[in-house]
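Below is one structure, written out as structure tokens; the observations come after it.
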Amino acid sequence: MSTGRRRKPRPTLSIDLIPQTPTSPDSGRSISPSPLTVVSKQQEELTQRPLDAKQLQRVEDFLFRKAAFLSTEDVQPTDLRELVVLGRGNGGSVCKVLHVKSNIIMARKSIHLEIRPEVRNQILRELRILHKCSSPHIIGFYGSFWHDGEINILMEYMDGGSLDAVVRRIGRIPENVLAEITYCILDGLVYLRDKLSIMHRDIKPSNVLVSSDGDCKLCDFGVSGELHNSLANTFVGTRSYMSPERLQGQRYAVESDLWSLGLSLLEMATGVFPIPAENLKKGLAPMHPPPDKPLEAHAPDATQSMAIFELLANIVESEPPRLPDDAGFSDSFINFIDACLKREPSERMPLAELIQHPWLEDMRASQPVNMAEWVRSTMVPCELAARDQEKAAHAVVPSE
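Using our numbering, read the sequence shown as starting at 60 and increasing by one per residue.
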């Protein structure tokens, strides 16, 4: 029986979906461009990039999913149904969610921040630049919002997970696969620098995602200076991959990302976090650890007993780590990592030269890898079957 009272409306998320464009110089109001306008502009940019047909199709598929999501109005907390927690750390979590109205599965990163409203609004404004990204090697962005003390970032869901999770599953990554992954990372860094005038700031295996479609994409890059500053003292583990100049508080540029790339490659190739260097003397991790004994030794906090300040001092003061000469790696791969892990930033090989390094060109030509097949081979069979069913159930068909 009705009580005669009116229900209070559910709170909306005030989601900051797309960049705001003024209607006219005099109106003082702003409107959002239509979803199809967003898609068409990014499609036009894609035609200017050297993508194969499958890559182009996958990026366009994401853009159509994004258009379907942007077409929904009044996004509410209950519209995002949490399916599974993908990861949890200091101050934040990543969940796989379903946006019910558009039937789209995505990843939601939630970061708890105790910040002033003006800082919160600045972060949301800075995150808008992600709407301009249309690279096959940069994670797709749906939108961001503030809710219940947290910044929430809605991103494309990558079913293969992060590369640190892959290493935990399989021990270490073959050199020819690393060549393909490295090309994707470098191409993503070039895109961020040339198109958005930013650097990544946080290259590490957990910030490189792969999918069973064969995609390899960067996530969690430093588009928001305010967010970066707010998190600077929160995620200590990230500092394990920082370059010496960053740890010493010096000015840094994209060369700092290249140090982090070299350290990440060394770790993924050996299955061992390479600092201190003595870790590498213990030998490489097994390529396929038993299912009941997942590899954990590569994680920065599990490879050594030294305190974090000792680890950081080691990065700054000791000689950079190197790939073992007798472990079966090619000379050109060893040279590539050495070119990244120079103590002086000016001595590291420039980004434009690294992406044309002989190791990448020779390995990708002589030992090409089907990334889709490789990623699927690293996934648990039952999860892979469930993912195939899920993709079919939640496909978004572009409207005519």
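In this text, a Cβ means the ideal position worked out from N, Cα and C, and glycines have one as well.
Residues of its chain near residue i, where Cβ-Cβ distance is below 7 Å and the 5 sequence neighbours each way are ignored
i, result
"L325", "P333, P380, L382, I396"
"L37", "Outside the displayed span of the chain (60 to 459) sits residue 37, for which this structure offers no information."
"L237", "L324, M327, A328"
"V249", "L410, I414"
"P264", "S221, L222, D223, V226, S323, E326, M327"
"T131", "K160, S161"
"S194", "G247, Y250"
"T241", "L324, L419"
Contact check, residue i vs residue j, beta carbons under 8 Å
i, j, result
"T231", "A126", "For the sequence presented, residue 231 should be read as Arg rather than Thr. Cβ distance not < 8 Å, so R231 and A126 don't count as in contact."
"F392", "E177", "no"
"L172", "I210", "yes"
"W318", "S302", "yes"
"L139", "V118", "no"
"G219", "S152", "no"
"L183", "Y201", "no"
"L255", "I188", "yes"
"S315", "P440", "no"
"E239", "V428", "yes"
"F280", "D253", "no"
Whole-angstrom distance between residue j and residue i, CA atom to CA atom
i, j, result
"K160", "V331", "44 Å"
"V313", "H416", "17 Å"
"G321", "H158", "37 Å"
"N338", "P136", "46 Å"
"C275", "H196", "6 Å"
"G148", "V225", "18 Å"
"K401", "F128", "44 Å"
"F121", "I174", "32 Å"
"T82", "R423", "Low confidence applies here, because T82 scores a pLDDT of 34, under 50, leaving its location unreliable; read the following figure in that light. Near 48 Å, if we compare the C-alpha coordinates of R423 and T82."
"K340", "D111", "41 Å"
"F294", "K168", "Any reading at F294 needs caution, since the residue's pLDDT is 49, under 50, leaving its predicted position unreliable; the model's value is listed next. Spanning the two alpha carbons is a distance of roughly 15 Å."
"A336", "R124", "45 Å"
"M217", "H206", "24 Å"
"E378", "E406", "14 Å"
"M438", "E432", "10 Å"
"E449", "Y311", "43 Å"
"Q144", "G208", "Note that residue 144 corresponds to Val in the displayed sequence, not to Gln. Those two C-alpha atoms are separated by around 19 Å."
"H190", "K113", "22 Å"
Chain-order list of residues whose beta-carbon lies under 6 Å from that of residue i (same chain, five-residue window excluded)
i, result
"D360", "Low local confidence applies: a pLDDT of 44 at D360 is under 50, so the model's placement there is unreliable, with the coordinate-based value given in what follows. There are no such residues."
"M408", "A398"
Contact test: residue i Cβ vs the ligand SAM heavy atom, cutoff 7 Å
i, result
"Q135", "No copy of the ligand SAM occurs in the structure displayed, which carries no ligand at all."
Within-8 Å CB hit, residue i to chain B
i, result
"P176", "The chain labelled as chain B is not found in the depicted structure, where only one protein chain is given."
Distance between beta carbons of residue j and residue i, contact taken as under 8 Å
i, j, result
"M430", "G273", "4 Å"
"S389", "W418", "7 Å"
Contacting residues, own chain, Cβ-Cβ under 8 Å from residue i (five flanking each side not counted)
i, result
"L142", "C154, K155, V156, L157, I164"
"L306", "R298, L371, I374, V375"
"R179", "L172, W205, I210"
request  = Would you list, in sequence order, the uninterrupted beta strand (DSSP E) runs of no fewer than 3 residues that lie entirely inside the stretch 408-447?
outcome  = none
request  = Write down every uninterrupted run of the alpha helix (DSSP H) in the stretch 180-256 whose length is 4 residues or greater and which is fully enclosed by it, in chain order.
outcome  = The DSSP assignment places complete alpha helix (DSSP H) segments of no fewer than 4 residues inside the stretch 180-256 at 222-229, 234-255, in order along the chain.
task = Output the residue ranges of the beta strand (DSSP E) runs that lie fully inside the stretch 116-163 and measure 3 residues or longer, sorted by chain position.
result = 139-148, 151-158
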